[in-house]
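*Asks:* In the UniProt record's numbering, the protein residues as written are 1 to 299.
For glycine and all other residues, C-beta sits at the position ideal for the given N, C-alpha and C.
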């Protein structure tokens with residue numbers, strides 16, 4: 001068989017096949033397919049490719065080492081086993097164990113963190129920074145999505161800032177009978193200095209004040225259920241991107257200074273689940289897939 005004919009057979013007549021064969025041969029020659037010695041054959045200067053053989057992976061070389069930071073089961077200071085004084089445990093025995101059992105939460109809390117819709121960035125002060133027409137449309141879509149989930153919502157809490165208040169009121173139209181509450185602690189702010197730092201975001205003067213307030217909001221709203229709560233709850237909190245991002249990092253026990261690495265669309269839904277044991281799961285982060293692509297914004 002002539003060299004030219006062999007070349008055509010190997011490369012095929014479809015455009016681009018030669019590039020694939022050449023690239024694959026080069027990769028194989030460098031050992032990228034994990035072939036053992038003797039598995040490569042050459043004829044007429046061209047590599048004849050064989051099926052890649054599985055490589056033996058050494059687990060110690062291909063895994064990430066644990067950070068060493070274990071899960072703090074008492075992150076919300078509500079672990080019943082730690083709320084009973086240790087000395088009382090020793091002296092009371094079964095009585096203390098009964099007290100612990102009686103103080104264990106039984107219900108799961110589902111918390112829906114909603115970012116406000118698009119608003120007028122050029123407004124003079126908070127009162128003028130109301131929703132744009134698109135923002136009002138986004139709030140309608142978010143309300144429709146929450147209603148479509150078919151859950152029995154217990155309360156709708158919102159930041160007292162204009163854009164969050166307006167978003168919450170539009171959403172509430174789709175959830176008749178759900179109590180509406182306002183909270184100043186949920187106002188937007190800078191929770192903690194982000195790492196890595198960014199040159200365009202340096203509100204050093206407000207970290208101390210805003211951080212304490214947003215942490216207070218976290219402690220008020222993000223925790224396991226009270227022992228008196230008998231049924232699972234579904235609560236909605238309409239607030240701001242920085243607050244939500246900080247809440248997520250704190251609840252999952254991720255470094256809180258990483259909050260700025262997360263991005264959230266306007267009107268998006270973040271869903272946290274807190275089990276009676278104190279375990280936390282993030283079921284959705286910034287979900288906005290229920291909105292058409294031309295309605296998505298992040299302002």
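Measure the alpha-carbon distance for residue 123 versus residue 163 and round it to whole angstroms.
*Replies:* Roughly 11 Å between the two C-alpha positions.
*Asks:* Three-state secondary structure (DSSP) at residue 279?
*Replies:* Correct three-state label for residue 279: coil.
*Asks:* DSSP has residue 271 in a bridge; who is on the other side?
*Replies:* Bridge partners of residue 271: 112, 284.
*Asks:* Considering only the beta carbon of each residue, do residue 168 and residue 158 sit closer than 8 Å?
*Replies:* Going by C-beta atoms, residue 168 is nearer than 8 Å to residue 158.
*Asks:* So what does DSSP say about residue 156, is it helix, strand or coil?
*Replies:* The answer is strand: DSSP assigns residue 156 an E or B state.
*Asks:* What's the C-alpha gap between residue 105 and residue 275?
*Replies:* So the alpha carbons of these two residues sit roughly 9 Å apart.
*Asks:* Hey, how far is the Cα of residue 249 from the Cα of residue 241?
*Replies:* One C-alpha to the other measures close to 12 Å.
*Asks:* Here's the rule I'm using: 16 or more other beta-carbon atoms within 10 Å means buried, otherwise exposed. How should residue 102 be labelled?
*Replies:* Label assigned to residue 102: exposed.
*Asks:* If we call anything under 8 Å between Cβ atoms a contact, is residue 233 one with residue 154?
*Replies:* Result yes, Cβ atoms of residue 233 and residue 154 sit closer than 8 Å.
*Asks:* Going by DSSP, what residues sit across from residue 181 in a beta bridge?
*Replies:* In DSSP, residue 181 forms a bridge with 157.
*Asks:* Given a threshold of 16 other Cβ atoms within 10 Å of its Cβ, counted over all protein chains shown, does residue 114 qualify as buried or as exposed?
*Replies:* The residue is buried, with at least 16 neighbouring Cβ atoms inside 10 Å.
*Asks:* On the CB-based measure, 16 or more other CB atoms within 10 Å of its CB, does residue 165 come out buried or exposed?
*Replies:* The residue is buried, with at least 16 neighbouring Cβ atoms inside 10 Å.
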